[in-house]
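Below you'll find the structure, written out as structure tokens, and then a few comments.
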Amino acid sequence: MNTSNYMDPISVKSAVDILIDRLTQAIIDGTLKPGKRIPPEPELAANFGVGRNTVREAIRTLTAYGILEVRRPNGTFVCDTFKPQGINPMLYGLILQKEDSYEELIDLRKVFENGIFLLLAEKTLTSDQKDHLHRIAEDLEKAINQEPVDYKKVIDKDIDFHTALAEMTGNKLIILENDMITKLTYHSRLKTVEKVMKDGQRQYLIDTHYDLLEKLEKGDIAQLYTAIQNSYFYWKDIYK
7 MNTSNYMDPI SVKSAVDILI DRLTQAIIDG TLKPGKRIPP EPELAANFGV GRNTVREAIR
67 TLTAYGILEV RRPNGTFVCD TFKPQGINPM LYGLILQKED SYEELIDLRK VFENGIFLLL
127 AEKTLTSDQK DHLHRIAEDL EKAINQEPVD YKKVIDKDID FHTALAEMTG NKLIILENDM
187 ITKLTYHSRL KTVEKVMKDG QRQYLIDTHY DLLEKLEKGD IAQLYTAIQN SYFYWKDIYK
């Protein structure tokens with residue numbers, strides 16, 4: 007898309023949303039480049055055929071998404087680094103749905119974690135990485151066997167385990183999305199831990215993590231997939 011296309015006038019109806027789409031597309035296709043200043047408000051308003059308030063609202067939204075940044079008094083610029091707050095709109099949208107989207111959230115986590123394990127299985131984990139994962143699993147085991155049990159400590163160790171896996175991919179977007187999924191699933195994971203422990207299934211929590219590690223180190227995708235599914239046995243039924 008060239009500059010003249012992205013600057014075509016737009017209709018008043020849904021002007022803010024359309025302007026956001028136009029500006030975002032211009033960034034994606036390189037018309038507006040990272041680190042560069044976008045045209046000033048009066049110029050954008052004139053070219054798009056909208057009021058300056060519409061331009062301000064679109065810029066405010068894109069700034070909240072971490073796509074644009076305002077540098078006073080120099081103007082508004084396209085961000086040249088990825089900002090974590092860009093994930094938040096998706097996070098808030100899912101939070102508003104609460105249990106209504108629970109099945110979808112389980113599917114999201116399954117697909118996401120399957121992808122992480124697949125990426126790591128295709129790579130060869132270093133001895134240091136394996137040792138690090140085993141240390142976290144051992145810390146988790148200690149937290150599970152602690153008396154009296156501290157459920158929050160258990161879930162925090164579980165999160166440490168899955169965060170370490172995400173970080174070992176070396177992919178910044180995966181790390182950021184893992185953080186989002188962790189926030190979305192924290193409460194349900196805590197409830198799952200409480201249920202498992204109260205059902206006398208502490209060993210289940212311990213075994214599933216060591217099983218995941220064993221299958222990951224073997225690089226057996228089929229067995230790894232089965233181990234991942236087993237790890238969801240309690241979590242998938244927590245709201246039923």
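Each number in our numbering comes from the position in the sequence shown (counting from 1) with 6 added on. Note that CB positions come from ideal geometry on N, CA and C, so glycine has one too.
- residue 78: buried (16+ other C-beta within 10 angstroms of its C-beta) or exposed? Taking the sequence shown and counting its residues from 1, one reaches residue 78 at position 72. Counting of Cβ neighbours within 10 angstroms places residue 78 among the exposed residues, the total staying below 16.
Practice problem: Starting from residue 74, follow the beta strand (DSSP E) in both directions and report where the run begins and ends. | Solution: Here the question's residue 74 lines up with position 68 in the sequence shown. Run containing residue 74: 74 to 77, per the beta strand (DSSP E) assignment.
Check your understanding: Leaving out five residues before and five after residue 17 in sequence, what residues of the same chain have Cβ atoms less than 6 Å from its Cβ?
Key -> Here residue 17 refers to the residue found at position 11 of the sequence shown. Confidence in residue 17 is poor, its pLDDT being 49 and thus under 50, which makes the residue's placement too unreliable to answer from.
Residues that residue 82 bridges to, as DSSP identifies them: Start at 1 with the first residue of the sequence shown, and residue 82 comes out as number 76. 76, per the DSSP bridge assignment.
Tell me the rounded alpha-carbon separation between residue 76 and residue 82.
For this step, residue 76 is matched to residue 70 along the sequence shown. For this step, residue 82 is matched to residue 76 along the sequence shown. Rounded to whole angstroms, residue 76 to residue 82 spans 4 Å at the Cα level.
- prompt: Are residue 219 and residue 140 touching if we call contact CB-CB under 9 Å?
  reply: Position 213 of the sequence shown, counting from 1, holds the residue named residue 219. Position 134 of the sequence shown, counting from 1, holds the residue named residue 140. Contact: yes.
- Item | CA-to-CA distance, residue 157 to residue 63, given in whole angstroms | Your numbering for residue 63 matches position 57 in the sequence shown. Your numbering for residue 157 matches position 151 in the sequence shown. Cα to Cα, residue 63 sits roughly 43 Å from residue 157.
Original post:
In or out: residue 133 buried (at least 16 other Cβ within 10 Å) or exposed?
Top reply: Residue 133 sits at position 127 when you count from the first residue of the sequence shown. Residue 133 sits exposed, since fewer than 16 C-beta atoms from the chains shown fall within 10 Å of its C-beta.
Q.
Please classify residue 44 as buried or exposed, where buried requires at least 16 other C-beta atoms within 10 Å of its C-beta.
A. As a position in the sequence shown, residue 44 is number 38, starting the count at 1. Buried, since its Cβ has 16 or more Cβ neighbours within 10 Å.
TODO: Report yes if the CB atom of residue 74 is closer than 9 Å to the CB atom of residue 122, and no otherwise.
DONE: Locating residue 74 in the sequence shown gives position 68, counting from the first residue. Locating residue 122 in the sequence shown gives position 116, counting from the first residue. No, the pair does not count as a contact, with Cβ atoms beyond the cut-off.
### Which residues DSSP lists as bridging residue 43, in chain order
Position 37 of the sequence shown, counted from the first residue, corresponds to residue 43. Residue 43 pairs with 83.
| query | By DSSP, does residue 59 sit in helix, in strand, or in coil? | reply | As a working note, residue 59 is residue 53 in the sequence shown. Looking at residue 59 - three-state DSSP - the assignment turns out to be helix.
- Pick helix, strand or coil for residue 214, following the three-state DSSP scheme. Walking along the sequence shown from the start, residue 214 turns up at place 208. Three-state result, residue 214: helix.
Between the beta-carbon of residue 198 and the beta-carbon of residue 165, is there less than 9 Å? Locating residue 198 in the sequence shown gives position 192, where the first residue counts as 1. Locating residue 165 in the sequence shown gives position 159, where the first residue counts as 1. No, these two residues do not count as a Cβ contact at 9 Å.
* Asked: Where does residue 236 fall in DSSP's three states?
  -> Sequence index remark: in the sequence shown, residue 236 carries index 230 (1-based). DSSP places residue 236 within a helical segment (H, G or I) once states are collapsed to three.
Are the C-beta atoms of residue 173 and some chain D residue less than 9 Å apart?
-> Absent here is chain D; the protein component of the structure consists of one chain.
Less than 8 Å between the CB of residue 148 and some heavy atom of the ligand ATP, yes or no? Ligands displayed in this structure: none; no statement on the ligand ATP is therefore possible.
I need the DSSP call for residue 207, collapsed to helix, strand or coil. Residue 207 sits at position 201 when you count from the first residue of the sequence shown. The answer is coil: DSSP assigns residue 207 none of H, G, I, E or B.
Subject >> Same chain only: Cβ atoms within 8 Å of residue 142, ignoring 5 sequence neighbours per side >> reply: Taking the sequence shown and counting its residues from 1, the one referred to as residue 142 is at position 136. 163, 166, 167 and 170, listed in sequence order.
query = From residue 117 to residue 80, what distance separates their C-alpha atoms?
reply = Position 111 of the sequence shown holds residue 117. Position 74 of the sequence shown holds residue 80. One C-alpha to the other measures close to 43 Å.
On a CA-only basis, which of 68, 24 and 193 is nearest residue 54? Give me that one, please. Looking up residue 54 in the sequence shown gives position 48. The shortest Cα separation from residue 54 among 68, 24 and 193 belongs to 24.
Problem - Presumed contact (8 Å Cβ cut-off) between residue 196 and residue 161, rounded CB distance - result: Sequence index remark: in the sequence shown, residue 196 carries index 190 (1-based). Sequence index remark: in the sequence shown, residue 161 carries index 155 (1-based). Contact holds; Cβ gap of about 5 Å.
* Is the Cβ-Cβ distance between residue 214 and residue 184 less than 9 Å? -> Residue mapping note: residue 214 aligns to position 208 of the sequence shown, counting from 1. Residue mapping note: residue 184 aligns to position 178 of the sequence shown, counting from 1. Contact: no.
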